[in-house]
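Take the sequence shown: its letter number 121 is residue 121 in the UniProt record's numbering, and every next letter is one higher. Ideal Cβ placement from N, Cα and C applies to all residues, glycine included. If you're wondering where the values come from, they're calculated on a predicted model, not measured in any experiment.
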Amino acid sequence: MESPSDLGELKNLSSLVRADIDVGLSCIEDYGLEQRTNQVYELLKGISNVEYLTLGSRTMGALAYADDNNVPLLFPNITRLELRVHNSFCWKRLTYLLSCMPNLENLVVDVRTKKDVELDSHGLTAEPNWIEPDPEGTPTCLLLYIKEIGLTGFTSKIYHLNLIKYLLENAKVLIKMAISTCNLAVEEEVEFLRHY
């Protein structure tokens, strides 16, 4: 894609079943933060009929900076969502996304623990206390539909533990949660397990 306007041209993809989107922060210097992040938002509106969605960390980062006045997204058909995030950055809109996916059954969060070089190079900051509760209450998918949650790359950092706690407390029909830690030293693994 040549420019942010190209993202907006991807509309009405009603036959699309699966999407893997990882666009966002890399073009901020060229196109500006607000314009680029809102274009990513428009792209997601255009693929709202998908059943399986993967959002990369750049997309999640762009959504974190998108205009709060955008019309809410709705993904009525999504049953599987995979999020790739770096450290604590990009998690700001997690509860918002879950509230946009009322029929979600399977959630995967893959934490890539590396320095947010791209984030730092744009002068943006990560928000370690990422949980931003949905003002409307617990997302419907957590209360009624999410049966499986997979968490990979987790450590004993407080924001990882807070996410696990939030999901366990709110996923009312959860059958399986698989947690994979990220190459932790023995002491770190003991610290992680101490919380559960």
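Extent of the continuous beta strand (DSSP E) to which residue i belongs
i    : result
N106 : N106 to R112
Y145 : Neither: Y145 is in no beta strand (DSSP E) and is coded neither H nor E.
L55  : Y52 to L55
L81  : R80 to H86
I21  : R18 to I21
Residue i and residue j closer than 8 Å at C-beta
i    : j    : result
I146 : L97  : no
S156 : R112 : no
L142 : A171 : yes
N106 : R84  : no
R47  : A19  : Note on identity: in this sequence residue 47 is Ile, with Arg being the wrong assignment. Cβ atoms of I47 and A19: closer than 8 Å.
T59  : E82  : no
L144 : V173 : yes
V50  : V17  : yes
A66  : T95  : no
E148 : K165 : no
Per-residue DSSP class, three states only, for residue i
i    : result
V40  : helix
A66  : coil
T181 : strand
K45  : helix
K176 : strand
S3   : With a pLDDT of 47 at S3, under the threshold of 50, the modelled position of that residue is not reliable, and the figure given next carries that caveat. Correct three-state label for S3: coil.
Enclosing alpha helix (DSSP H) for residue i [first to last residue]
i    : result
S156 : Counting along the chain, S156 falls outside any alpha helix (DSSP H), and DSSP gives it neither H nor E.
L97  : L94 to S99
Residue i at chain D interface by Cβ criterion, 8 Å
i   : result
M60 : In the structure shown, chain D does not exist; there is a single protein chain.
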